[in-house]
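Using numbering that gives the first Met the number 0, the first residue of the sequence shown is number 0, and each one after it goes up by one.
Just so it is clear, CB atoms sit at the ideal spot from N, CA and C, and this is done for glycine as well.
Quick caveat: nothing in here was measured; it's all calculated off a predicted structure.
Only one structure is covered here, and it is reproduced in the block below.
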Amino acid sequence: MSRALWVDPHHLRTVAPQFDALADTADALLTELTSTLDAERTAWGSDEGGTAFARHYVPGAESAVHAALSLVALFSAIGDGMRATAESFEATDTRFSRRLGEAF
Numbered sequence: 000m001s002r003a004l005w006v007d008p009h010h011l012r013t014v015a016p017q018f019d020a021l022a023d024t025a026d027a028l029l030t031e032l033t034s035t036l037d038a039e040r041t042a043w044g045s046d047e048g049g050t051a052f053a054r055h056y057v058p059g060a061e062s063a064v065h066a067a068l069s070l071v072a073l074f075s076a077i078g079d080g081m082r083a084t085a086e087s088f089e090a091t092d093t094r095f096s097r098r099l100g101e102a103f
């Protein structure tokens, strides 16, 4: 059995900027992380101990940067998706209302 779908476009538009803000915050943190990592790239040296440290540290640091990039993209996509859903729902509702009005 089908269930009714209820969407509050105004609420979606109200909440979407919160995800934009999360994306902005994550992007600022990513910039700080990248700057810090770039400044420390060779701080451990190139001797045997430094090379061993780098072998384990660098992949984890790169993974953290990629994860932060993904978060920025995710939060942005959620905000954009909420706005697109609100627009789509309202457009569909408006078209359906017009057709009903034309039928009667």
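Buried or exposed by the 16-neighbour rule on C-beta atoms within 10 Å, applied to residue i
i: L28; result: exposed
i: L11; result: buried
i: L83; result: It is worth fixing the name first, because residue 83 is Ala in this sequence and not Leu. So A83 ends up on the exposed side.
Cα-Cα separation between residue i and residue j, rounded to whole angstroms
i: T50; j: G59; result: 15 Å
i: S26; j: V57; result: A small fix is needed here, since residue 26 is Asp in this sequence, not Ser. Approximately 21 Å between the Cα atoms of the pair.
i: Q17; j: G78; result: 8 Å
i: H30; j: L70; result: Note on identity: in this sequence residue 30 is Thr, with His being the wrong assignment. Roughly 13 Å between the two C-alpha positions.
i: G100; j: L68; result: 48 Å
i: A53; j: L21; result: 31 Å
i: F88; j: E61; result: 40 Å
i: T24; j: S1; result: 40 Å
i: R97; j: H9; result: 21 Å
Cut-off 8 Å between Cβ atoms - residues of its own chain near residue i, not counting five sequence neighbours on either side
i: M81; result: L11, R12, V14, A15, F18
i: V6; result: T84, A85, F88
Check: Any contact of the stretch 80-97 with the stretch 31-40, i.e. 3+ C-beta pairs under 8 Å?
Finding: Judged by Cβ distances under 8 Å, the stretch 80-97 makes no contact with the stretch 31-40, as fewer than three pairs qualify.
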